[in-house]
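A quick write-up on the structure given underneath.
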Amino acid sequence: METDPDQTQVRASGEGCDFTYDTEDLRSGESQSLKETVPPAKGAVNRGIVSKALWNAWWLEVFSSLLGLGCLLAIVIVLSLYNERPLPDWPDLISVNSLIAIFTAIFKASLILPVAEGIGQLKWTWYHRPQRLDDIVLFDNATRGPWGCLLFIIKQLPRPQKAYLAGLGAFITIAALAVDPISQAMIEHRGCAPSRQPTVTEVAEVPRTNLYMAGRGVVTIPKATLDYPMEVALTNGLTKQEETEALVQFNCSTGNCTFKEEGKDYYFSSLAMCYSCQNVTDEINLNKTESKGTTLGRKWSLPSDPGLRVSDSTFSAKLAAAAVGSEFFDKGDTPFFGFDTLMLTNPHCEAPDNGCSLDSPNNKAIASRCRLDLCVKRYSGEVRNGVYSEKEDSEIMRLSQNFRVEVTSVVPQIAWALVTNTSLVDGLEVQCAKTMGADDMESPTQPNWSSYSKECMWGMEMMAAEGIQGILSDLLMGTVNSTEVPVLSLVSGPVWMKQIYADGFGNLERVENMVRGLANSITAAIRNRPYAGSRNRDAPADLPHNLRMASGRTSSAQTCVYLHWGWIAYPASLLLLQWIFLVWVQISQKLTRPNDWEQTMTWRSSPLALLYHGLDDDLRCKARERGTVSEMAKMAKDVNVQLGPVNDAKNKDWRLCEV
1 METDPDQTQV RASGEGCDFT YDTEDLRSGE SQSLKETVPP AKGAVNRGIV
51 SKALWNAWWL EVFSSLLGLG CLLAIVIVLS LYNERPLPDW PDLISVNSLI
101 AIFTAIFKAS LILPVAEGIG QLKWTWYHRP QRLDDIVLFD NATRGPWGCL
151 LFIIKQLPRP QKAYLAGLGA FITIAALAVD PISQAMIEHR GCAPSRQPTV
201 TEVAEVPRTN LYMAGRGVVT IPKATLDYPM EVALTNGLTK QEETEALVQF
251 NCSTGNCTFK EEGKDYYFSS LAMCYSCQNV TDEINLNKTE SKGTTLGRKW
301 SLPSDPGLRV SDSTFSAKLA AAAVGSEFFD KGDTPFFGFD TLMLTNPHCE
351 APDNGCSLDS PNNKAIASRC RLDLCVKRYS GEVRNGVYSE KEDSEIMRLS
401 QNFRVEVTSV VPQIAWALVT NTSLVDGLEV QCAKTMGADD MESPTQPNWS
451 SYSKECMWGM EMMAAEGIQG ILSDLLMGTV NSTEVPVLSL VSGPVWMKQI
501 YADGFGNLER VENMVRGLAN SITAAIRNRP YAGSRNRDAP ADLPHNLRMA
551 SGRTSSAQTC VYLHWGWIAY PASLLLLQWI FLVWVQISQK LTRPNDWEQT
601 MTWRSSPLAL LYHGLDDDLR CKARERGTVS EMAKMAKDVN VQLGPVNDAK
651 NKDWRLCEV
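Sequential numbering from 1 applies to the sequence shown in the working numbering.
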């Protein structure tokens, strides 16, 4: 090493190394860029040659990066194909998880290879400035895996001058360790029951109907013509407040079925019985019996029926119910069946166990008017583990009563009917229009007897309707009477009436719940046996199967794949960081050595570069005395070197020269 007295510069010339640097920089202890004195290359390097050399040197890394991108896309595609679907029926050795694990392993290898080569290339960029000789071990170890990268980051932290870009590469290598568990965290296996079209041996059906024609003959007593399951349904409906879904007789061979259409709220329409109740307490008439200013008794009544009377005396009615005529409803809005209830109640009773006194001033009468209407409802449903549930539309279409007409002995008279503009059949909205088909159902709601397709016609035959109305008149007419004990709770009467009376705590909500249970029970009977007792024995065969049963999709318990897509951001971010890292490796190489970067741009992590462009002669002579690795490492800590040019008579080369 020689000092120029005329300039405050030092010239390093070991084995022909030729570069200068300021002594002020040397005294500052900072690693400053050396002022190379290499003669400029003869002629500018052809850009095409440089590009070709870059491609020849880095094509494997580019291919590896593209392979990583392909693996990431393959993971996304495979998971998208099976998201929320059953596990595929693949050979035993292959599963979705194992396939993703294979793609992940290839991705991780494709991610690390270019990063390792980039760190190896940054090693030569690092020695463009005077650096400790043992740094070459740090860089070399960092190219070998996560442990070397961790040591690289730890040993770089306390130093004033840091290899930030190489640190980014080390971080990517360490972060790649988490790719494997994260790729599996994206996948979750849960039990599911995906729907499918039933196979030949599978059935998925729920009853629905357009018509109820279960009358058993034309006789003078309509009640005798009613199909007995409907009569049972009327009786049970008063005391058992069940939902229709619990009463319909569905058929699902797999135990899991769906009656739904993607993107639609409802799947099929059916004839049903609807209900509504209103408070008519303001129509109650109160009569008091008084003597000398003292009230001796009170009587309440409704004008709709003479039997609707209750009083606060013993042995008198405390709840009364009776059918009411169409005149008590709006004109043109005749119900299928209507009835009133009048009830004595005391919601403020302070002695519920012993019963409140009949002469309590808190006793009051309440009344409700309820109606049942034949209607058309829309439904969707599903069977889960053998239990059927359904959702019904709150909007309904009521059937209207027809005028009486003469009918033949073959076709029953339709007493209540409706023609709709559309009909929902197995998820398909069928548009209704007049037709001329001979097999179409005749619509008596039209004065000219126009013809409509079967799915658009809704109705109930006369004998079945009159049979239901007759039995309801008997069931819904009666009283709950008190005994000789003057308390509200001790009463006798029909069970269903005692349920809504509730020992004197009855209210209008209880009445409405009773009517709802009755309507649901009738609806289930209509759908379950619409033709059971019909005189037209061929009626079921005349109708398409989809007008008798709604056909759904079956499903069975399976294991499905569910994805957590947020985790895919982790490997995608690492791949993006890899691209940024590789681009900056090339940029930093050119910025650091603007005149001769092409000569070292292809060395990367190759050990041949160290063999061909190793230490200068002076350093090799010093190292000969260091026989062990520990001795060489100790010496390397105290030696600062720089990758510099050799310009002697014999060689024009690059070496790590001591400075």
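Beta carbons: idealized from backbone N, C-alpha and C, even for Gly.
The structure presented is a predicted model; accordingly, all values stated were derived computationally and were not measured.
Burial state of residue i (16 or more Cβ within 10 Å)
| i | result |
| --- | --- |
| Gly-517 | buried |
| Val-583 | exposed |
| Ser-573 | exposed |
| Tyr-266 | buried |
| Met-228 | According to the sequence shown, residue 228 is Tyr rather than Met. Looking at its Cβ environment, which holds fewer than 16 other Cβ atoms inside 10 Å, Tyr-228 is exposed. |
| Arg-27 | Residue placement at Arg-27 is poorly supported in this model, since its pLDDT is 43, which falls under 50; the coordinates still yield a value, given next. Flag for Arg-27 reads exposed. |
| Ser-80 | exposed |
| Tyr-164 | exposed |
| Val-62 | exposed |
| His-348 | exposed |
| Trp-58 | buried |
| Asp-333 | exposed |
| Ser-394 | exposed |
| Thr-199 | exposed |
| Thr-201 | exposed |
| Leu-93 | exposed |
| Ile-366 | buried |
| Thr-104 | buried |
| Gly-263 | exposed |
| Glu-327 | exposed |
C-alpha distance - residue i paired with residue j, whole-angstrom precision
| i | j | result |
| --- | --- | --- |
| Gln-413 | Ala-214 | 12 Å |
| Ser-304 | Tyr-275 | 19 Å |
| Arg-159 | Gln-131 | 11 Å |
| Trp-565 | Val-179 | 14 Å |
| Val-76 | Arg-548 | 45 Å |
| Thr-208 | Asn-528 | Note that residue 208 is Arg in the sequence shown here, rather than Thr. Going from the Cα of Arg-208 to the Cα of Asn-528 covers about 8 Å. |
| Leu-372 | Asn-421 | 23 Å |
| Asn-83 | Thr-559 | 12 Å |
| Ala-321 | Leu-358 | 20 Å |
| Pro-530 | Tyr-212 | 5 Å |
| Asp-135 | Phe-107 | 30 Å |
| Ser-453 | Gln-241 | 36 Å |
Neighbourhood of residue i by C-beta, 6 Å cutoff - its chain only, sequence neighbours within 5 removed
| i | result |
| --- | --- |
| Glu-30 | Reliability of the predicted coordinates at Glu-30 is poor, the pLDDT of 46 falling under 50, and the value obtained from them is presented with this limitation in mind. Cβ neighbours of Glu-30 beyond the five flanking positions: none. |
| Lys-391 | Ser-380 |
| Gly-237 | Gly-517, Leu-518 and Ser-521 |
| Trp-567 | Ile-182, Ala-185 and Met-186 |
| Lys-42 | Legend: pLDDT at Lys-42 = 42, less than 50; position of this residue unreliable, value from coordinates given subsequently. Counting only Cβ-Cβ distances below 6 Å, and skipping sequence neighbours, we find nothing. |
| Glu-484 | Thr-314 |
| Ser-668 | No answer is possible for residue 668: it lies beyond the span of the chain, which begins at 1 and ends at 659. |
| Lys-318 | Val-310, Leu-344, Val-480, Ser-482 and Val-491 |
C-beta neighbour in chain B for residue i, strict 8 Å
| i | result |
| --- | --- |
| Asn-83 | This model lacks chain B altogether; it includes just one protein chain. |
Same chain only: Cβ atoms within 7 Å of residue i, ignoring 5 sequence neighbours per side
| i | result |
| --- | --- |
| Pro-181 | none |
| Asn-546 | Val-425 and Asp-426 |
| Thr-143 | Ala-116, Ile-119, Gly-120 and Ser-605 |
| Glu-231 | Ile-471 |
| Ala-502 | Arg-510 |
Closest residue to residue i among the options (Cα-Cα distance)
| i | options | result |
| --- | --- | --- |
| Thr-345 | Phe-336, Ser-489 and Leu-475 | Ser-489 |
| Met-186 | Cys-257, Leu-72, Glu-382 and Leu-319 | Leu-72 |
| Leu-399 | Asn-363, Ala-433 and Trp-458 | Trp-458 |
| Cys-370 | Asn-279, Arg-85, Tyr-212 and Asp-333 | Asn-279 |
| Ser-253 | Ala-502, Pro-571 and Ser-551 | Ser-551 |
| Gly-167 | Gly-118, Pro-198 and Glu-461 | Gly-118 |
| Asn-251 | Phe-152, Cys-349 and Val-387 | Val-387 |
| Arg-196 | Arg-85, Ala-367 and Met-463 | Arg-85 |
| Phe-581 | Ser-98, Ile-112 and Val-78 | Ile-112 |
| Thr-523 | Val-419, Val-137 and Val-376 | Val-376 |
| Ala-193 | Ser-451, Gln-401, Leu-543 and Arg-384 | Arg-384 |
| Ile-100 | Ala-74, Phe-152 and Trp-90 | Ala-74 |
8 Å Cβ cutoff met for residue i and residue j
| i | j | result |
| --- | --- | --- |
| Lys-245 | Ser-389 | According to the sequence as given, residue 245 is Glu; it is not Lys. Result yes, Cβ atoms of Glu-245 and Ser-389 sit closer than 8 Å. |
| Asn-256 | Ser-556 | yes |
| Leu-663 | Asp-340 | The displayed coordinates of the chain run from 1 to 659. Any statement about residue 663 would go beyond what the structure contains. |
| Leu-576 | Ile-172 | no |
| Thr-239 | Trp-496 | yes |
| Leu-226 | Gly-467 | yes |
| Trp-579 | Ser-65 | yes |
| Asn-481 | Ser-316 | yes |
| Val-419 | Glu-455 | no |
| Ala-323 | Leu-476 | yes |
Same chain only: Cβ atoms within 8 Å of residue i, ignoring 5 sequence neighbours per side
| i | result |
| --- | --- |
| Leu-87 | Ser-95, Val-96, His-189, Gln-558, Thr-559, Cys-560 and Val-561 |
| Leu-122 | Phe-139, Ala-163, Leu-165, Ala-166, Gly-169, Val-585 and Ser-588 |
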